[in-house]
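Just below is one structure, and these are the notes that go with it.
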Amino acid sequence: MPELPEVEVVRLGLEPVIAGALIEQVVVKDPRSLKRHLGPTEDFISSLEGHTLTHAVRRGKFLWFPIAGTNEALVGHLGMSGQMLIGDETSDFGPHARIIVTLKPVRGLRMQVAFVDQRIFGSLAIDHCVDCPDGKPGGLGSPTAEVPKSVAHIGRDPLDPHCDDRAVIAALRRKSTGIKRALLDQNLISGVGNIYADEALFASKLHYDTPCSSLSVSKVRELLRTIREVFGRALAEGGTSFDQQYVNVNGQSGYFSRSLKAYGRAGEPCVVCGAIIVRERFMNRSSYRCPRCQKVPSTR
DNA sequence: CGTTGGCCCTGATCGC
DNA sequence: TGCGATCAGGGCCAAC
């Protein structure tokens, strides 16, 4: 279940391999992984073969790789179970390998990048780029103020140095919905998924259905800070891993899941107060919270 | 326009 | 043993 820290780990792992890499061959083993690609599979392939990728860029959970000399980029989203694995000519990426990109040999070594995705919620696509309205870099790792059109509506994420905290806090407080729903909405602030939403709300002692409009500026600022803390910790540990769904680019699992304090801990004692963590259905997802630290909001 | 609910997709697991 | 139901959930889109 890759969220922002996991996707950043993937970006960091891919960058040295794909930056400046000339693409020799693209094999689409399962066109369902191109469902967000507008146009035929052949166009996807011809947009890449013989072309060079310049950078590895990320905004929220979206990754993209600008194509040299064009206005286009290879855009990827890992969805629920996506992975980008790096290997060589001899690598077997398994039964869920959907798209294989082979790079021209460098110093005699022919590398491959595989898009592996069991559930096919993720996708790859070719998209054209548009200018960022704020004139700032499109995402982490981008030297230009451009972003793929299909990613333009996604808000900057908390690890983006150009994230406008004041604007985010003000916009969040104007929303007439609960705080967790607002966090999961990628348009305002991106990169927060179900797991880290629960972790951040636990750290900030907030119930998931607390009305955004009832939160003070300082409370929202605190929440933003806890999101960054949780992200930073996960990033330092290489990302969270669950049931081997997520693996970083080298095929190794992250291990942040061991330090989760709320998510997945139903029936276990709260590490702060000892009350038993409960699991509740919210937005067709599981939400975990401490019934004592994160009380149901009184005002609604 | 903002908010909300449902759908997509596969494989592991569970109950009968 | 077999088989249908359930669960996992990010992003998108239609409906309100």
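Under my numbering, the residue at position 167 of the first sequence is numbered 167, and the numbers go up by one with no gaps.
C-beta atoms are modelled at their ideal positions from N, C-alpha and C, and glycine is treated no differently.
Delimiting residues of the beta strand (DSSP E) encompassing residue i
i: Thr226; result: Thr226 -> not in any beta strand (DSSP E); alpha helix (DSSP H) instead, spanning 217-236.
i: Phe115; result: 111-117
i: Arg59; result: 57-59
Spatially closest choice to residue i from the options, by CA coordinates
i: Val113; options: Val10, Ser213, Arg265; result: Val10
i: Phe121; options: Lys104, Asp157, Arg166, Gly82; result: Gly82
i: Glu280; options: Ser214, Asn194, Ser216; result: Asn194
i: Arg110; options: Arg233, Gly87, His96; result: Gly87
i: Arg221; options: Ser259, Asp209, Leu172; result: Leu172
i: Ala234; options: Lys261, Arg107, Cys270, Met84; result: Lys261
i: Leu201; options: Ile179, Ile45, Pro143, Leu38; result: Ile179
i: Thr52; options: Ala68, Arg58, Lys61; result: Ala68
Under the three-state DSSP convention, the category residue i falls into
i: Cys212; result: helix
i: Pro158; result: coil
i: Glu24; result: strand
i: Gln245; result: For Gln245, the pLDDT reaches just 43, beneath the cut-off of 50, and the residue's location in the model is therefore unreliable, leaving the point undetermined.
i: Asp127; result: strand
i: Arg181; result: helix
i: Ser91; result: coil
i: Pro31; result: helix
i: Val278; result: strand
i: Ser287; result: strand
i: Val101; result: strand
i: Val151; result: helix
Sequence-distant residues of the same chain with beta carbon closer than 7 Å to residue i, five excluded per side
i: His207; result: Arg289, Gln294, Lys295, Val296, Pro297
i: Asp243; result: Unreliable positioning characterises Asp243 in this predicted model, as indicated by a pLDDT of 35, which lies under 50. A coordinate reading is not provided.
i: Cys132; result: Gly138, Ala145, Glu146, Val147
i: Arg285; result: Asn194
i: Ala266; result: Ile277, Val278, Arg279, Tyr288
i: Ala152; result: Val130
i: Arg300; result: Legend: pLDDT at Arg300 = 44, less than 50; position of this residue unreliable, value from coordinates given subsequently. Excluding sequence neighbours, Arg300 sits near Pro211.
Cβ distance (whole Å) where residue i is taken to contact residue j below 8 Å
i: Pro148; j: Trp64; result: 5 Å
i: His55; j: Ala21; result: No, His55 and Ala21 are not in contact; Cβ-Cβ is about 11 Å, not under 8 Å.
i: Asp157; j: Gly191; result: 4 Å
i: Gln25; j: Glu49; result: 6 Å
Boundaries (first-last residue) of the alpha helix (DSSP H) holding residue i
i: Thr41; result: 41-48
i: Gly76; result: First-last for Gly76: 72-77, but that is the beta strand (DSSP E), not the alpha helix (DSSP H).
i: Leu63; result: Where Leu63 is concerned, there is no enclosing alpha helix (DSSP H), although the beta strand (DSSP E) it sits in stretches over 62-66.
i: Val7; result: 4-18
i: Asp165; result: 165-174
i: Phe202; result: 194-203
Same chain, Cβ closer than 8 Å to residue i, neighbours up to 5 away in sequence not counted
i: Lys29; result: Ala97, Arg98, Ile99, Ile100
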